[in-house]
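Enquirer:
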Amino acid sequence: GQQVMQIPQYQHVQEGEDFTTYCNSSTTLSNIQWYKQRPGGHPVFLIQLVKSGEVKKQKRLTFQFGEAKKNSSLHITATQTTDVGTYFCAGGSNYKLTFGKGTLLTVNP
Amino acid sequence: DSGVTQTPKHLITATGQRVTLRCSPRSGDLSVYWYQQSLDQGLQFLIQYYNGEERAKGNILERFSAQQFPDLHSELNLSSLELGDSALYFCASSDLWGTGYTFGSGTRLTVV
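Residue numbers (my numbering), protein chains in the order written: chain S, 6 to 114; chain U, 22 to 133.
1. One question on the structure: do F111 of chain U and L97 of chain U come within less than 8 Å of each other, judged by their Cβ atoms?
2. Between K41 of chain S and the rest of its own chain, which residues show a CB-CB distance below 6 Å, the 5 nearest in sequence each way excluded?
3. Do you know offhand how far A73 of chain S's Cα is from P29 of chain U's?
4. Work out the CA separation of K64 of chain S and A77 of chain U for me, nearest whole Å.
5. Counting only the same chain and skipping the five closest in sequence on each side, list residues whose C-beta sits under 6 Å from that of I33 of chain U.
6. Leaving out five residues before and five after H80 of chain S in sequence, what residues of the same chain have Cβ atoms less than 6 Å from its Cβ?
7. Considering only the alpha carbon of each residue, which of U:S52, U:A113, U:Q38 and U:Q27 lies closest to L104 of chain U?
8. Bridge partners of I12 of chain S, per DSSP?
9. So what does H31 of chain U bridge to, in DSSP terms?
10. Does T123 of chain U get closer than 8 Å to chain S when you measure Cβ to Cβ?
11. Considering only C-alpha positions, which residue in the set S:Q16, S:Q8 and S:Q7 is nearest to T111 of chain S?
12. Is the separation between the beta-carbon of K101 of chain S and that of G79 of chain U shorter than 8 Å?
13. For chain B, check one thing: does any of its Cβ atoms lie closer than 8 Å to the Cβ of F111 of chain U?
14. For S126 of chain U, go through chain S and note every residue whose CB falls closer than 7 Å to its CB, in chain order.
15. Quick one: what's got a C-beta closer than 7 Å to L51 of chain U's C-beta in the same chain, skipping five residues either side?
16. In whole angstroms, what separates the C-alpha of Y27 of chain S from that of V60 of chain S?
17. Identify each residue in the segment 17-38 of chain S for which the Cβ-Cβ distance to at least one residue of chain U is less than 9 Å, and report them in chain order.
18. Taking the beta carbon of G107 of chain S as the centre, do at least 16 other beta carbons fall within 10 Å, making it buried, or is it exposed?
19. Give every residue of the same chain whose Cβ lies closer than 8 Å to the Cβ of S57 of chain S, excluding the five residues on either side of it in the sequence, and list them in chain order.
20. Which residue's Cα is closest to the Cα of T26 of chain U: U:V40, U:R47 and U:S115?
21. Just checking my contact of M36 of chain S with Q53 of chain S at CB under 8 Å: how many whole Å lie between their CB atoms?
22. Using a Cβ-Cβ cut-off of less than 7 Å, list which residues of the segment 49-64 of chain U approach chain S; keep chain order.
23. Using a C-beta cutoff of 8 Å, does G107 of chain S count as contacting chain U?
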């Protein structure tokens with residue numbers, strides 16, 4: 006079945022440093038979605054990418070969808086303590102989302 | 022409040038028992054999804070319902086079953102519980118196209 010791999014598993018940064026998490030699917034995706042889960046919370050939808058090569062920005066967050074629609078990345082510029090949490094990518098196909106295992110981001114103030 | 026309501030928030034039960042988790046989707050959403058989250062397995066898709074019909078199935082054990090009722094709320098039934106079933110169970114809902122799931126706050130199940 007479809008597998009979505011995400012790296013790194015953990016990332017610790019100093020406040021102000023940049024952060025990137027990468028997502029790779031074993032199959033071509035119809036779309037990719039990104040979620041953030043704060044410690045003790047539930048996943049919250051951030052964005053969906055649909056088109057090959059698509060790039061979207063939300064303030065300090067930049068999301069990319071690969072040309073082959075099998076990989077994606079999330080880049081955070083100048084991290085803040087409020088960015089702490091686990092970031093999940095989720096690949097969409099056949100009416101279901103397959104989530105990666107997530108990248109836990111911790112930020113040292 | 023995300024708009025998706027899950028009850029109960031916490032559940033402690035013994036091995037071999039049966040429990041029912043309940044989910045009310047966000048107003049207007051016809052799709053309901055169930056996910057299991059554990060530390061080592063991440064978010065595992067269990068099952069999806071759309072307007073009362075089963076639409077997709079993931080790695081759901083035979084001991085587990087779900088349904089969606091005419092009022093669109095959904096229930097996940099877990100039976101013959103084992104220690105390994107201890108996890109956080111999330112319900113999510115979405116529109117027809119699945120653009121951005123809205124998750125509930127989850128039910129933390131502890132099997133002792």
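Even glycine gets a Cβ: it sits at the ideal position worked out from N, Cα and C.
Expert: According to the structure data:
1. As a working note, residue 111 of chain U is residue 90 in the second sequence. As a working note, residue 97 of chain U is residue 76 in the second sequence. Taking 8 Å as the cut-off, the beta carbon of F111 of chain U is found no closer than this to the beta carbon of L97 of chain U.
2. What you label residue 41 of chain S is simply residue 36 of the first sequence in a count that begins at 1. Counting only Cβ-Cβ distances below 6 Å, and skipping sequence neighbours, we find V49, L51, G90 and Y92.
3. The sequence position of residue 73 of chain S within the first sequence is 68, counting from 1. The sequence position of residue 29 of chain U within the second sequence is 8, counting from 1. Distance between the alpha carbons of A73 of chain S and P29 of chain U is about 42 Å.
4. Counted from its first residue, the second sequence places residue 77 of chain U at position 56. Counted from its first residue, the first sequence places residue 64 of chain S at position 59. Their Cα atoms are separated by approximately 35 Å.
5. The residue labelled residue 33 of chain U in the question sits at position 12 within the second sequence. So the list reads T131, once near-sequence residues are dropped.
6. Position 75 of the first sequence, counted from the start, is the residue given in the question as residue 80 of chain S. Excluding positions up to five away in sequence, the list reads T25 and T67.
7. Counting from 1 along the second sequence, the entry for residue 104 of chain U is found at position 83. Comparing Cα-Cα distances from L104 of chain U to each of U:S52, U:A113, U:Q38 and U:Q27, the minimum goes to U:Q38.
8. Counting from 1 along the first sequence, the entry for residue 12 of chain S is found at position 7. DSSP lists S:Y27 as the bridge partner or partners of I12 of chain S.
9. Indexing the second sequence from 1 puts residue 31 of chain U at position 10. Bridge pairing for H31 of chain U: U:R129 [DSSP].
10. Walking along the second sequence from the start, residue 123 of chain U turns up at place 102. Residue contact with chain S for T123 of chain U: present (Cβ-Cβ distance below 8 Å to some residue of chain S).
11. One-based indexing of the first sequence puts residue 111 of chain S at position 106. Checking every option, the nearest Cα to that of T111 of chain S belongs to S:Q16.
12. What you label residue 101 of chain S is simply residue 96 of the first sequence in a count that begins at 1. What you label residue 79 of chain U is simply residue 58 of the second sequence in a count that begins at 1. Taking 8 Å as the Cβ cut-off, K101 of chain S and G79 of chain U qualify as a contacting pair.
13. Given the protein chain composition of this structure (S and U), no chain B is represented.
14. Mapped onto the second sequence, residue 126 of chain U falls at position 105. Ordered by position in chain S, the residues that pass the 7 Å Cβ test against S126 of chain U are H47.
15. Taking the second sequence and counting its residues from 1, the one referred to as residue 51 of chain U is at position 30. Excluding sequence neighbours, L51 of chain U sits near Y71, N72, L93 and L117.
16. Here residue 27 of chain S refers to the residue found at position 22 of the first sequence. Here residue 60 of chain S refers to the residue found at position 55 of the first sequence. The alpha-carbon atoms of Y27 of chain S and V60 of chain S are separated by roughly 14 Å.
17. Under the 9 Å Cβ criterion, the segment 17-38 of chain S contributes N36 and Q38.
18. For the purposes of this step, residue 107 of chain S is identified with residue 102 of the first sequence, where counting begins at 1. It counts as buried.
19. Here residue 57 of chain S corresponds to residue number 52 of the first sequence, with the count starting at 1. Scanning its chain for C-beta atoms nearer than 8 Å, with the 5 sequence neighbours on each side dropped, one finds around S57 of chain S the residues F70, G71, E72, A73 and K74, in chain order.
20. What you label residue 26 of chain U is simply residue 5 of the second sequence in a count that begins at 1. Looking at the Cα atoms, U:R47 is the closest of the given residues.
21. Numbered from its first residue, the first sequence carries residue 36 of chain S at position 31. Numbered from its first residue, the first sequence carries residue 53 of chain S at position 48. Note that residue 36 of chain S corresponds to Asn in the displayed sequence, not to Met. Right, the Cβ-Cβ distance comes to about 6 Å (below 8 Å), so this counts as a contact.
22. Listed by position along the chain: G63 and L64.
23. In the first sequence, residue 107 of chain S corresponds to position 102, counting from 1. Yes, because at least one Cβ of chain U sits closer than 8 Å to the Cβ of G107 of chain S.
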